[in-house]
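Everything on this sheet refers to the single structure shown next.
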Amino acid sequence: MKHRNEPKSRKLRTLLIAMSLMLMIPYSAAFAEGDAAGKAAEDQKPNVAAGVTVIRANGDVVTPLGAGEWDYLGKRTTSSSENPSNYVHSGGGDFKYKVASGPSGGAWYQLREYDPDNADDIITDPYGYSFFYLYPGDTLIYRGISGAVDGTNKKAEFYVYETFSGSATVQYWD
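Going by the numbering used here, the sequence shown opens with residue 4, and the numbers climb by one from there.
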């Protein structure tokens, strides 16, 4: 009897090892891609750090800090180049955008502050990450981004940069 069960246990052990390896590869590849996207931003202008919250399409509603309410700034298309004309003005503080439409499988998005005379500022989280993988319906909230306010108008000019060759639409609030 011992002799008959031995091949079954060996097959089961081999199957479990193979399944474990299959699960490890997609996770390690996903994290490696995220690191590459985050590292690409390091080669550009110094970042403005902010507290960042990602709210998935099925997540809870988040309200701004303080007694204020969110002011809707409009809907714009994303940009795959620096120095776009589709930015919105912000007074700093808290800022959010929602992916209204885009690839159903998700895409990498990055918030930037437009500067006409030099490289655009890249808004990061406290850990230095600037790219976030978002799906249509997802919302990204930035807390404490007054450091991005500049220029004679004392406003930040924000736009969303995307890394795919299509386009997406985002809604902005300040």
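We treat Cβ as the ideally placed atom computed from N, Cα and C, and that holds for glycine.
#### Entry: DSSP beta-bridge partners of VAL57
According to DSSP, which records beta bridges pairwise, VAL57 is partnered with LEU143.
### Query
By how many angstroms is the C-alpha of TYR117 removed from the C-alpha of TYR162?
Using only the alpha carbons, I get a separation of about 7 angstroms.
### Query
Helix, strand or coil: how does DSSP classify VAL65 here?
Note that VAL65 has pLDDT 48, beneath the 50 cutoff, so the model's placement of it is unreliable and the number below is only indicative. In the displayed model, VAL65 falls within coil according to three-state DSSP, outside both helix and strand.
### Query
In whole angstroms, what is the alpha-carbon distance linking ILE72 and ASP97?
Looking at the sequence shown, residue 72 is not Ile but Glu. Rounded to the nearest angstrom, the two C-alpha atoms are 10 angstroms apart.
### Message
Taking its Cβ as the centre, do 16 or more other Cβ atoms sit within 10 Å of VAL57, making it buried, or is it exposed?
### Response
The Cβ neighbour count for VAL57, taken over all protein chains shown within 10 Å, is under 16; the residue is labelled exposed.
### Task
Excluding the 5 residues preceding and the 5 following TYR136 in the sequence, name in chain order all residues of the same chain whose CB lies nearer than 6 angstroms to its CB.
Beyond the five residues adjoining it in sequence on each side, TYR136 comes within less than 6 angstroms, by CB distance, of GLY109 and TRP111 in the same chain, given in chain order.
### Query
What is the rounded straight-line gap between the Cα of GLY69 and the Cα of ALA122?
No answer about GLY69 holds up, because its pLDDT of 49 lies below 50 and its placement is not dependable.
#### Entry: Inter-residue Cα distance where the pair is THR127 and TYR164
Each residue's alpha carbon lies about 13 angstroms from the other.
### Query
What are the boundary residues of the beta strand (DSSP E) that includes TYR75?
Start and end: 75-80.
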